[in-house]
């Protein structure tokens with residue numbers, strides 16, 4: 091990073107295109123998709139619950155035990171994930187017991203799969219000595235899964251070839267008329 095100018099080297103950041111190049115003149119607060127995504131799944135506990143749902147856990151007790159989180163935290167996360175459409179509840183009843191809910195990922199929740207793969211892959215880069223970590227593999231050939239960034243035309247895109255732009259540049263005009271930080 092070039093500390094004198096406060097700018098990262100060009101290979102370390104996304105190139106800013108169009109109105110996005112005027113980034114200091116407006117805020118993304120309240121409309122950024124990353125911000126919205128983090129509002130839904132941005133806590134450690136939420137991602138641990140989602141991880142266990144991907145690993146096949148469905149029952150509340152399983153999710154609490156496997157995540158190591160308190161029952162109160164798991165209950166809160168499941169309630170929020172349900173409200174946000176990431177998990178669904180299905181009633182089940184074991185013989186001689188009351189009806190309870192089990193939890194399954196919705197289509198929106200299953201959409202988190204690339205994030206799970208990317209987190210596992212990124213975790214491997216941390217260099218810690220956790221040999222007991224999981225490995226996500228292709229069921230048919232058992233090769234490890236990896237996350238790749240591709241454009242809609244099928245080209246793999248490294249960071250130094252990626253850029254960011256606004257989908258609707260008219261939004262910047264609206265944001266410039268609002269006080270900084272307001273929605």
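Numbering (the numbering used here), first residue to last: 91 to 273.
From the three backbone atoms N, C-alpha and C, an ideal C-beta is built for every residue, glycine too.
At which residues does the beta strand (DSSP E) containing residue 177 begin and terminate? 177-182
Can you confirm whether the segment 122-132 touches the segment 149-162 when touching is taken to mean that 3 or more C-beta pairs between the two stretches lie within less than 8 Å? no
Decide if the segment 183-195 is in contact with the segment 204-218; the criterion is three or more beta carbon pairs, one per stretch, under 8 Å apart. no
Span of the alpha helix (DSSP H) around residue 229: Neither: residue 229 is in no alpha helix (DSSP H) and is coded neither H nor E.
Give the straight-line distance between the Cα atoms of residue 196 and residue 228, rounded to the nearest whole angstrom. 22 Å
Cβ distance (whole Å) where residue 194 is taken to contact residue 174 below 8 Å: Actually they are not in contact, since the Cβ atoms of residue 194 and residue 174 sit about 15 Å apart, beyond 8 Å.
For the candidate residues 218, 148, 160, whose alpha-carbon lies nearest to that of residue 75? Residue 75 lies beyond the stretch modelled for the chain, which goes from 91 to 273, so this question has no answer here.
Leaving aside the five residues before and after residue 96 along the sequence, list all residues of the same chain whose C-beta is less than 6 Å from its C-beta, in chain order. With a pLDDT of only 49 at residue 96, under the threshold of 50, the placement of this residue in the model should not be trusted; the figure read from the coordinates follows. Nothing meets the Cβ criterion.
Beta-carbon contacts of residue 239 that lie in its chain and below 6 Å, excluding the five residues immediately before and after: 247
Determine the direct distance from the alpha carbon of residue 140 to that of residue 258, and round the result to whole angstroms. 32 Å
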